[in-house]
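Student: Below is one structure. I have some questions about it.
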Amino acid sequence: MLRKSLRTAASSSSYCSRGGMSSLHSPLVVFLCNHLASFHSQPSNPIEPRNTQIVPKLTNIENALKVFDEMLQRRPLPSIIRFNQILCQLVKLKHYSQVISLYHQLGLLGIVPNDFSLNIIINCHSRLNQMGFALSVFGKFFIYGFEPDVITLNTLINGFLLEDRVAEAAGFFSRMVEGSNCKPDVFTFGALVKGFCIKGNNTAAIRLLRKMDGGACKPNLVVYNTIIDSLCKDTLIVGAQELFSEMVTRGIAPDIVTYNSLIHGVCRVGKWKEAIRLLNEMVSNDIFPDILTFNILVDTLCKEGLVLQAESVVQMMIQRDIEPDTVTYSSLMDGYCLRGEMDEAKKVFDKMISKGSRVDVFCYSIMINGYCKRKMVDEAVMLFQEMSQMGLVPNTITYNTLIDGFCKMGKIQGAQKLFSQMQACGQHPDVQTYAILLDGLCKNQQLSLAIELLREMKERKMELNIVIYSILIEGLCIVGNTAAARDLFRCLLSKRLQPDVKMYTIMIRGFCNGVLTSEAEKLFKEMEDKDCPPDACTYNIIIRGFINNNETLRAMGLIQQMVKRGFAADASTVELIVGLLCKDNVDPALLTLALTVSYGDSILLHLSELVEEVSVFDWLGFSCIRYLVTLESNSRVTTDEDMKCIRL
DNA sequence: ATAGGGTTAG
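Heads up: the first sequence begins at 1 in the UniProt record's numbering, then just goes up one per residue.
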C-alpha cells in the first residue's frame, strides 16, 4: 500500500483535539496583520521575456483549444513542433486528458508525432496513472524508429513509482544502468527518492541521498525538497530542519517549495511561532508567500476551527493580488463544515462558482461530508447527483463519505446500494469503505451481515487493521457478548496489532456496560503501563461507567484525576454528575469543577456571551450551565425544583 | 517544444 493512504488513515484516526490554539486571536493572524504589508507580492519581473514563441502564451484551456483548431485549418499544416508547444502548455495547466485527446486528433489527421510528442504523451499517461497506455506509447518509439532518451525512461520510471509498481520501475532503471546510451541522472535519482518517500520510507530516501553525495550525480534542490516535505508530512520536523541546514551549508538555496513544506509541517503540529519565524525568514531571503503558502495557512486555521481568522487571511491575499482558488475555497468550506455551519459553507460554495473558480470532486466531497455530518443526507444526495450532471466522477472518498452518512442515519440498505453502485462505476472500495460499512452493520446489530463482509475482505486479501478489529469488538459489546469481545481483544497481540487508545476505550465501555467495572478499571490501568495513556474520551467513558454502576466514590476520584490532566467532562458525563447532585450525595463543587474545565472560568461569569459557544454544544450542555449558574447565584444545593430548571 | 519537489475531502 502507498504511504499516502496510510498517512490519511493515521490522521483520521486521531480524534483527540490538540488544543494548540484556544484563544480567539490566533497569533498567526495577528502576525500576518502586522507584517503582511512588508511581504511584497511576487516582485514583478521588469525584463519582459523575449518572445521567441510563435505559439502565443495560453493561460486557459478554451484558448488553447481554439488556437489548436486554428492551426489545424492552416495550409500548409504547421510543423509538429508547433503542436508540441501547445501540448506542453496544456501539460503545465495539468490538462493531461485533453493533451492525450488532442494527440489522438493529430493522429487521425495523419500528422506524425516525433520523439518529443511521444515523451509528452507518456508523461500525461504517467500522471493519470495509466501506465498501460504509457507503455503502448513507448512502443511507438520502435514503430517510428525513434531512440528513447533519458527523459523517456525517467518519465516511465516516475510513472511506475507513482503507481507503486516498483518492479517495473526497477526494470527500466537497470536498463539505464546496463544499456549504454542513457545513464541515470539527477531526475532519475529524484524519481527514486520520491518513490521511497511515497512509501513512507524516509530512511531509504535519505540513504539514497547519501549515495548521491558520494557519486557523480550530486543531490539538488528538488531532491532535498522531496525528502524535507516527506519528513514534514510525518511530522518529523527536527529531521526536516536538519536537512534544511545541511542544504544551506552546501550552498543549495531553499526556495518557496522548501519553505511551504516546512511551514505546513510546523502548522500541522501547532507550532505557530515557528511558522511565523519561517515566514519572516523567507521574506528576508526575498522569497514571498505564494498562493500555496496562503492556502496552507487558511487550511490550518480552518482545521483549528478559526474560520473567521481564515477569512481574514483570504482578505489579505486578495489585497496582495493573489486570487483565492479552488483549494482556498475548499479549505474554507471544510472549515465551516467542521463547525456544522452549513449555510456558511454553502455561501462559499456559491461564491466560488460565481467567481468562476473550477469546481472539482474535492469541493463536492467536502460539502457532501458537511451535510452528512449534520445528518442532512437529502442535501448530500442532491449534491451527489448534481456532481454527476456536471461531469464530475465521484471517487472512493466521495462514496465513503456518503455511505457513512447513510450508515449513521441507520439507512443500511441505502448504504449497501451505494456500495454496489461504486463498484459498478469502477471505483474500488478500500479498507475504509469496508470499515464504514462494517461499523454501520455492527451498530445496527447485524453481526451476521458484518461477518459476511469480513469474508469478502478476506477474499480480496485486504488486511484487517486495528480499526476493523475495533469495530468488531465494539459490535460484540453492543450485542452484549462482552466475553467474545474480550477474547478478540486478547487475540490482537498475537496478530501483532497493538491496541490503541480508541480500542482500549471501546473495550472499557464494553466492560462498563456489562457491569464488569473492575475489568474496566484493570484495563484502564493497563493503558498507562502499555504507554498508551487514556484520553478525555476514555475518562468520560469510565467515569460514566462507574456512576451508572453506582460506584460514585471511584467516579469522583477519576473526575479529579481527569481534571488534573486537563481533560474536560463532556455533556453526557455532566448530565450524570447533575443526577448525582440531585441525589444530594455528591459535593456540588464537583460539577463546578467539571464545567469549569469544559468551558473555562470566564464562562461562569458571562452567560450571555456563552450562548454562541453553547450552540456547538448540545441542548443538555446548555441546560447544565443555566442550572449551574442558578445554583451558584442562589448559593444553595439542588432541589427537585432545580431539576425542572434543567428541563426548560 | 519534452521529465522531478510544495496546498483541499472520507
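Glycine is no exception: its CB is placed at the ideal position from the N, C-alpha and C atoms.
Excluding five sequence neighbours on each side, which residues of the same chain lie with their C-beta closer than 8 Å to the C-beta of GLU70?
Tutor: Taking the first sequence and counting its residues from 1, one reaches residue 70 at position 70. So the list is empty, once near-sequence residues are dropped.
Student: Please state whether the Cβ-Cβ distance between LEU58 and ILE86 is less than 9 Å.
Tutor: For this step, residue 58 is matched to residue 58 along the first sequence. For this step, residue 86 is matched to residue 86 along the first sequence. It is a contact, given that the beta carbons lie within the stated cut-off.
Student: Compare the beta carbon distance of HIS95 and ILE61 with 9 Å and say whether it is the shorter of the two.
Tutor: As a working mapping, residue 95 is identified with position 95 in the first sequence. As a working mapping, residue 61 is identified with position 61 in the first sequence. The answer is yes: Cβ separation under 9 Å.
Student: Three or more beta-carbon pairs under 8 Å between the region 246-264 and the region 278-286, yes or no?
Tutor: yes
Student: Are there 16 or more other CB atoms within 10 angstroms of the CB of SER420, so buried, or fewer, so exposed?
Tutor: Indexing the first sequence from 1 puts residue 420 at position 420. Per the 10 Å Cβ criterion, exposed.
Student: What does the alpha-carbon distance come out to for the pair LEU108 and CYS425?
Tutor: To locate residue 108, count along the first sequence from 1; it is residue 108. To locate residue 425, count along the first sequence from 1; it is residue 425. About 30 Å.
Student: Hey, which unbroken runs of the alpha helix (DSSP H) at 4 residues or more fall wholly within the region 76-121?
Tutor: 80-92 and 96-108
Student: Here's the rule I'm using: 16 or more other beta-carbon atoms within 10 Å means buried, otherwise exposed. How should TYR144 be labelled?
Tutor: Indexing the first sequence from 1 puts residue 144 at position 144. Exposed, since its Cβ has fewer than 16 Cβ neighbours within 10 Å.
Student: Could you tell me whether the region 538-553 touches the region 501-517, using the rule of 3 or more Cβ pairs below 8 Å?
Tutor: Yes, the region 538-553 is in contact with the region 501-517.
Student: State the DSSP-derived secondary structure class of ILE252, mapped to helix, strand or coil.
Tutor: Along the first sequence, read from residue 1 onward, the residue named residue 252 stands at position 252. Correct three-state label for ILE252: coil.
Student: If you draw a straight line from the C-alpha of PHE244 to the C-alpha of GLY270, how long is it?
Tutor: In the first sequence, residue 244 corresponds to position 244, counting from 1. In the first sequence, residue 270 corresponds to position 270, counting from 1. Rounded to whole angstroms, PHE244 to GLY270 spans 20 Å at the Cα level.
Student: With a threshold of 7 Å on Cβ separation, who are the neighbours of residue 735 within its own chain once the five nearest residues in sequence on each side are excluded?
Tutor: Here the chain covers residues 1 to 648 and nothing more, so residue 735 does not appear.
Student: Looking only at its chain, what residues have a beta carbon closer than 8 Å to the beta carbon of THR521, apart from the 5 residues adjacent to it on each side?
Tutor: Residue 521 sits at position 521 when you count from the first residue of the first sequence. Here the sequence assigns Glu to residue 521, which means Thr is not the residue at that position. Correct list, in chain order: ILE542 and ARG554.
Student: Alpha carbon to alpha carbon, what distance is there between LYS347 and GLN432?
Tutor: Walking along the first sequence from the start, residue 432 turns up at place 432. Walking along the first sequence from the start, residue 347 turns up at place 347. Answer to the nearest angstrom: the Cα atoms are 30 Å apart.
Student: So, with DSSP's three-state summary, where would you put HIS428?
Tutor: Within the first sequence, numbered from 1, the residue matching residue 428 stands at position 428. If DSSP states are grouped into helix, strand and coil, HIS428 belongs with coil.
Student: Return the chain-ordered ranges of every alpha helix (DSSP H) run that is complete within the UniProt repeat "PPR" (325-359) and spans a minimum of 4 residues.
Tutor: 326-338 and 342-354
Student: List in chain order: all unbroken beta strand (DSSP E) runs of 3+ residues lying wholly within the UniProt repeat "PPR" (290-324).
Tutor: none
Student: Quick check on this structure: which residue in ILE100, LEU523 and VAL479 has the alpha carbon closest to the alpha carbon of ASN444?
Tutor: Position 444 of the first sequence, counted from the first residue, corresponds to residue 444. Sorting ILE100, LEU523 and VAL479 by C-alpha distance to the C-alpha of ASN444 places VAL479 at the top.
Student: Could you tell me the alpha carbon to alpha carbon distance between GLN416 and MET352, rounded to whole angstroms?
Tutor: Position 416 of the first sequence, counted from the first residue, corresponds to residue 416. Position 352 of the first sequence, counted from the first residue, corresponds to residue 352. Their backbone Cα atoms lie some 33 Å apart in a straight line.
Student: Helix or strand or just coil, what does DSSP make of GLY391?
Tutor: Locating residue 391 in the first sequence gives position 391, counting from the first residue. Three-state result, GLY391: coil.
Student: Would you report the Cα separation of MET376 and ASP115, rounded to the nearest angstrom?
Tutor: Looking up residue 376 in the first sequence gives position 376. Looking up residue 115 in the first sequence gives position 115. Here the alpha carbons of ASP115 and MET376 stand approximately 53 Å from one another.
Student: Using a 10 Å radius around the Cβ and a threshold of 16 neighbouring Cβ atoms, would you call LYS218 buried or exposed?
Tutor: Taking the first sequence and counting its residues from 1, one reaches residue 218 at position 218. Per the 10 Å Cβ criterion, exposed.
Student: Going straight from the alpha carbon of PRO113 to that of ILE80, what length do you get?
Tutor: On the first sequence, position 113 is the one that residue 113 refers to. On the first sequence, position 80 is the one that residue 80 refers to. Approximately 6 Å, taken between the alpha carbons.
Student: Answer with buried or exposed for GLN413, where buried requires no fewer than 16 other C-beta atoms within 10 angstroms of its C-beta.
Tutor: Position 413 of the first sequence, counting from 1, holds the residue named residue 413. Exposed is the call here.
Student: Out of curiosity, what's the CA-to-CA distance linking PHE138 and LEU278?
Tutor: Residue 138 sits at position 138 when you count from the first residue of the first sequence. Residue 278 sits at position 278 when you count from the first residue of the first sequence. Answer to the nearest angstrom: the Cα atoms are 44 Å apart.
Student: Go ahead and pull the three-state DSSP assignment for ILE287.
Tutor: By one-based count along the first sequence, residue 287 stands at place 287. Note: ILE287 maps to coil in three-state DSSP.
Student: Report all residues from its chain with a CB closer than 8 Å to the CB of LEU497; omit the five preceding and five following residues, and keep chain order.
Tutor: Here the question's residue 497 lines up with position 497 in the first sequence. Cβ-Cβ distances below 8 Å link LEU497 to ASN465, ILE466 and TYR469 in the same chain, with the five nearest sequence neighbours on each side left out; the list follows chain order.
Student: Please state if the CB of ILE111 and the CB of PHE83 are separated by a distance shorter than 9 Å.
Tutor: Position 83 of the first sequence, counting from 1, holds the residue named residue 83. Position 111 of the first sequence, counting from 1, holds the residue named residue 111. Yes, Cβ-Cβ distance for PHE83 and ILE111 is below 9 Å.
Student: Exposed or buried, which one is MET556 when buried takes at least 16 other CB atoms within 10 Å?
Tutor: The residue given as residue 556 occupies position 556 in the first sequence. Buried, because 16 or more other Cβ atoms sit within 10 Å of the Cβ of MET556.
Student: SER230 and residue 650 - do their beta-carbons sit closer together than 9 Å?
Tutor: In the structure displayed, the chain extends from 1 to 648; residue 650 sits before or after that span and is not available.
Student: Pick helix, strand or coil for residue 650, following the three-state DSSP scheme.
Tutor: A question about residue 650 goes unanswered here, because the residues of the chain that appear run from 1 up to 648.
Student: Pick out the complete alpha helix (DSSP H) segments inside the UniProt repeat "PPR" (220-254), 4 residues or longer, and give them in chain order.
Tutor: Along the UniProt repeat "PPR" (220-254), the alpha helix (DSSP H) occurs as fully enclosed runs of 4 or more residues at 221-233 and 237-249, listed in sequence order.
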